[in-house]
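All remarks here apply to the structure that follows.
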Amino acid sequence: MVTYLFILFATLAIAAALAMVLNRSTVNSALFLVLNMLSIAGIYLLLKAQFLAVVQVLVYAGAIMVLFLFVIMLLNVEDEEAVLDKINFRYIISVILGVVVLSYLLYIAGSMADALPPVAEDMAQVGTVEAIGDELFSTYILPLEITAILLTAAVVGAIMMAQHKFK
Amino acid sequence: MESISQLLHFFPLIIVTIGSLVVMMVDAFSKDTAKLYYLSVFFLIAALAASISDVFGPAGEAFYGMAVYGGTSAMGGVIVLLGTLFVVLLCKEYLTAIKHHVGEVYSLILFCTVGMLVLVTANDLVTLFLGVETMSIALYVLAGLIKRDKAGAEAALKYFLLGAFATGFFLYGIALLYGAAGSTQLTAIAEVTDGGLIYWGGLAMLLVGIFFKISAVPFHMWTPDVYQGAPTLITAYMATASKAAVIVALIILLGRAFPDIHSDWAEVFQVIAVLTMILGNVIALVQDNMKRMLAYSSIAHVGYIMVGLVAGTAAGYSGVMYYLFAYTIMNVGAFGVVAYYERQKGLDFTNMENYGGLGYKQPMFGVAMSIFMFSLAGIPPFAGFIGKYQVFAAAVYEGYIGLVLVGVITSVIGVYYYIRVLVYLYMREPESDTVFQQPGMVYKTAILVLAIMTIYFGIQPGALSEIFTQGFEQLQIMAATGR
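So the sequence lines, in the order shown, correspond to chains A and B.
Each residue of the first sequence is one higher than the last, beginning at 1 in this note's numbering.
Each residue of the second sequence is one higher than the last, beginning at 168 in this note's numbering.
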């Protein structure tokens, strides 16, 4: 079951990534990026990294993608109106069917090679929120503080770039 | 609680961090930008004093092995802070002259310095990465300071896009090395000496990321455009402090994580050093723009520095440290003089053709420029010569004769374009009768101090290079016992 899900998510992630790069419309690209991120969140879940999976959905697929879409729409990229016209259901269904068939084929190949060992019990403990918090505020305390400075610098820089009007 | 006592070893970093936040907050509530300038200078001098005292202090690991202190790290901190201090001292007058004297510049420079200080203390790939990024993000913004200038905007965008691309390589390298070694700590990585493709691939990608930051050929493409487009003193900052920080981090990385595979990476470094020296020097020959010429010259200097890294001995590494020190003072000085000429009205004073007779208009700056140019060319008795001598001597001692031969030949080629500046300064007729603004007292004094340091450390290198050698040996002993 795990192997099957992994292959489904992996194929979906790669297909979405390809579609994102190859697509002409920026909005479609952004939506494919969402799909890519969601499937990667699925892979994290299979690896028993619950925290990472939740953060992936909340931060990447949620917050960052909303920002992406906002910027795309604010900038008024040319192809924008074409989004709805271009959706061809036959095309979408064929892509989904293709993904399913491909992942089934890969599943057969994968189950023969015994590609995915089960996640060890102690590894599953690492992915919990408690374990991450513990590490973050002991071993990784210095990197954590530096990250704070990094983000402050980025915010100050962004404000400076946006705000000042020089004569 | 252990962490709190360890903080005592990181005073320079703490002072600059607090300084950057204070400057940021004061900027938000005060309209007086000059105040920020004095505050920044105060914090930088305090941090410099703290890091000089660290040089003579103990060395060790701290924060669960995330950082090292003392030895090479402390000396790297001194070089970085010295470069930053002089850039900030010169900055005020230059930025006021080009009407871009805004408070955020100071807090960004200090944030950037925090990143550099993290870099020189990094003992873990995670800290290394965060240091590089903190430094780079502040530099991307500073490079694009002059927004109405198309070249400036181009420079910032180019730097940002290519820098982000290089960051991708850097991160992927870290991920692969983590896969090979099971840890991101440098001493843990040193225990693995051949982890197959994943190990070598990780090392290669990590080095690509670092080579980009120090603009070694073939990862140098961004350098001339960015150095030309950015405000001149920010260019000086990028060329000296940021390069010095990354190279010190590279020394710690090579010395602590990859000492046992020296013969492997030295081969790659040799090829890149040869390419960097030849390309940097040859292309610099035909540049008319001063900033572009200095950009190619900085590429060439990275080539010489890599000769010292190839040697891989304590002598080689301490030679590189000396080189970085000399390079920082003379290059900040050279850019300082260029920035002074540049702000005069009338002609485009970044173009070398317009330098005719300038040596007589401001005699002090003419003489200072001559000293910096001779030193950059590596002519005794200036500091640049001693640095070059030390890296070449270390490489010859280890038997890399061919490499040093290329180095010597390319430095002879390099003399041409440095002396060319002096020919314009003293032997050509002036292009226009522009009346030069008098430089401020601080500006003049800073350039003078840099010139005197360039001469002093060329004549008296002994004490300083001894400290550099000791520092690296301390680091090595620590690496041996730290495992």
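For every residue, glycine included, the Cβ atom is placed at its ideal position computed from N, Cα and C.
If you compare alpha carbons, which of the options is closest to residue i?
{"i": "Thr334 (chain B)", "options": "B:Val235, B:Leu292 and B:Ala501", "result": "B:Leu292"}
{"i": "Thr301 (chain B)", "options": "B:Leu312, B:Phe327, B:Ala320 and B:Ile313", "result": "B:Phe327"}
{"i": "His267 (chain B)", "options": "B:Phe386, B:Leu400, B:Gly363 and B:Ile182", "result": "B:Leu400"}
{"i": "Gly510 (chain B)", "options": "B:Thr251, B:Pro606 and B:Ile377", "result": "Sequence check: residue 510 (chain B) is Arg here, not Gly. That would be B:Pro606, whose Cα lies nearest to the Cα of Arg510 (chain B)."}
{"i": "Val573 (chain B)", "options": "B:Tyr585, B:Phe559, B:Asp515 and B:Tyr583", "result": "B:Phe559"}
{"i": "Ala15 (chain A)", "options": "A:Ser94, A:Gly127, A:Tyr140 and A:Ala49", "result": "A:Ser94"}
{"i": "Leu446 (chain B)", "options": "B:Ala383, B:Arg315 and B:Arg587", "result": "B:Ala383"}
{"i": "Ile619 (chain B)", "options": "B:Ile568, B:Gly503, B:Tyr585 and B:Phe549", "result": "B:Phe549"}
{"i": "Val474 (chain B)", "options": "B:Gln454, B:Met460, B:Met594 and B:Tyr556", "result": "B:Tyr556"}
{"i": "Tyr123 (chain B)", "options": "B:Trp432, B:Val438 and B:Ala506", "result": "A query on residue 123 (chain B) cannot be resolved here, the shown segment of chain B reaching from 168 to 650 and no further."}
{"i": "Ile181 (chain B)", "options": "B:Ser218, B:Leu203 and B:Gly566", "result": "B:Ser218"}
{"i": "Ala416 (chain B)", "options": "B:Leu286, B:Ala357, B:Gly533 and B:Ser464", "result": "B:Leu286"}
{"i": "Ile466 (chain B)", "options": "B:Gly311, B:Pro385 and B:Ala424", "result": "B:Pro385"}
{"i": "Ser274 (chain B)", "options": "A:Leu47, A:Ala19 and A:Ala154", "result": "A:Ala154"}
{"i": "Lys259 (chain B)", "options": "B:Lys314, B:Lys202, B:Val235 and B:Val308", "result": "B:Lys202"}
{"i": "Ile341 (chain B)", "options": "B:Met536, B:Phe296 and B:Ser632", "result": "B:Phe296"}
{"i": "Gly625 (chain B)", "options": "B:Gln529, B:Tyr489, B:Val575 and B:Ala462", "result": "B:Tyr489"}
{"i": "Asn448 (chain B)", "options": "B:Thr612, B:Tyr623, B:Tyr231 and B:Pro391", "result": "B:Pro391"}
{"i": "Leu206 (chain B)", "options": "B:Val190, B:Thr351, B:Asn518 and B:Ala216", "result": "B:Val190"}
{"i": "Gly566 (chain B)", "options": "B:Gly250, B:Gln437 and B:Leu262", "result": "B:Gln437"}
{"i": "Leu52 (chain A)", "options": "A:Pro143, A:Val101, A:Thr26 and A:Gly133", "result": "A:Gly133"}
With DSSP as the reference, please indicate the residues paired to residue i in a beta bridge.
{"i": "Glu228 (chain B)", "result": "B:Val235"}
{"i": "Ala654 (chain B)", "result": "Since the first and last residues shown for chain B are 168 and 650, residue 654 (chain B) lies out of range."}
Is residue i helix, strand or coil when you go by DSSP?
{"i": "Ala544 (chain B)", "result": "helix"}
{"i": "Ala383 (chain B)", "result": "coil"}
{"i": "Asn521 (chain B)", "result": "helix"}
{"i": "Phe6 (chain A)", "result": "helix"}
{"i": "Asn36 (chain A)", "result": "helix"}
{"i": "Asp221 (chain B)", "result": "helix"}
{"i": "Asn456 (chain B)", "result": "strand"}
{"i": "Ala162 (chain A)", "result": "helix"}
{"i": "Gln352 (chain B)", "result": "strand"}
{"i": "Gln627 (chain B)", "result": "coil"}
{"i": "Glu321 (chain B)", "result": "helix"}
{"i": "Thr648 (chain B)", "result": "Low per-residue confidence applies at Thr648 (chain B): pLDDT is 44, beneath 50, and the placement is therefore not dependable enough to give any value."}
{"i": "Lys167 (chain A)", "result": "Note on Lys167 (chain A): pLDDT 46, under 50, position unreliable in the model; no value is reported."}
{"i": "Arg24 (chain A)", "result": "coil"}
{"i": "Leu180 (chain B)", "result": "helix"}
{"i": "Asn448 (chain B)", "result": "helix"}
{"i": "Phe635 (chain B)", "result": "helix"}
{"i": "Glu434 (chain B)", "result": "helix"}
{"i": "Pro606 (chain B)", "result": "coil"}
{"i": "Gln529 (chain B)", "result": "coil"}
{"i": "Phe210 (chain B)", "result": "helix"}
{"i": "Ser29 (chain A)", "result": "helix"}
{"i": "Asp199 (chain B)", "result": "coil"}
{"i": "Thr360 (chain B)", "result": "coil"}
{"i": "Tyr140 (chain A)", "result": "coil"}
{"i": "Lys512 (chain B)", "result": "coil"}
{"i": "Asp427 (chain B)", "result": "coil"}
{"i": "Leu295 (chain B)", "result": "helix"}
Under 8 Å Cβ-Cβ, which residues of chain A neighbour residue i?
{"i": "Ile304 (chain B)", "result": "Leu150, Ala153, Ala154 and Gly157"}
{"i": "Ser172 (chain B)", "result": "Those within 8 Å of Ser172 (chain B) in chain A number zero; the least Cβ separation is about 14 Å."}
Which residues in chain A have a C-beta closer than 7 Å to the C-beta of residue i? List them in chain order.
{"i": "Glu271 (chain B)", "result": "Val156 and Met160"}
{"i": "Glu300 (chain B)", "result": "Leu150"}
Since residue i is in the alpha helix (DSSP H), which residue starts that stretch and which ends it?
{"i": "Pro398 (chain B)", "result": "Pro398 (chain B) -> no alpha helix (DSSP H), and no H or E assigned at all."}
{"i": "Ile265 (chain B)", "result": "Per DSSP, Ile265 (chain B) belongs to no alpha helix (DSSP H) and is neither H nor E."}
{"i": "Gln125 (chain A)", "result": "Glu121 to Val126"}
{"i": "Asn661 (chain B)", "result": "Since the first residue of chain B shown is 168 and the last is 650, residue 661 (chain B) is not available in this structure."}
{"i": "Asp134 (chain A)", "result": "Val129 to Leu136"}
{"i": "Val66 (chain A)", "result": "Met65 to Leu75"}
{"i": "Thr314 (chain B)", "result": "The displayed chain sequence assigns Lys, not Thr, to residue 314 (chain B). Looking at the DSSP string, Lys314 (chain B) is not in any alpha helix (DSSP H), and its letter there is neither H nor E."}
{"i": "Thr577 (chain B)", "result": "Ile568 to Met594"}
{"i": "Ala550 (chain B)", "result": "Ala550 to Tyr564"}
{"i": "Gln50 (chain A)", "result": "Gln50 to Val55"}
Applying a beta-carbon distance threshold of less than 8 Å, which residues of chain B neighbour residue i?
{"i": "Ser138 (chain A)", "result": "Tyr231"}
{"i": "Thr26 (chain A)", "result": "Chain B residues near Thr26 (chain A): none, gap ~17 Å exceeds 8 Å."}
{"i": "Thr147 (chain A)", "result": "Leu297"}
CB of residue i to nearest heavy atom of the ligand ZN: below 6 Å?
{"i": "Val245 (chain B)", "result": "Absence of the ligand ZN from the depicted structure is noted, as is the absence of any ligand whatsoever, leaving it without description."}
Please list, in chain order, the chain A residues whose beta carbon lies closer than 9 Å to that of residue i.
{"i": "Met608 (chain B)", "result": "Here the premise fails: no neighbours, minimum Cβ distance about 26 Å."}
{"i": "Phe178 (chain B)", "result": "Ordered by position in chain A, no residue passes the 9 Å Cβ test against Phe178 (chain B), which lies about 15 Å from the chain."}
Run through chain B and tell me which residues come within less than 9 Å of residue i, C-beta to C-beta.
{"i": "Glu141 (chain A)", "result": "Checking the sequence, you will find Ile at residue 141 (chain A) rather than Glu. Neighbours of Ile141 (chain A) on chain B, chain order: Ser170, Phe230, Tyr231 and Met233."}
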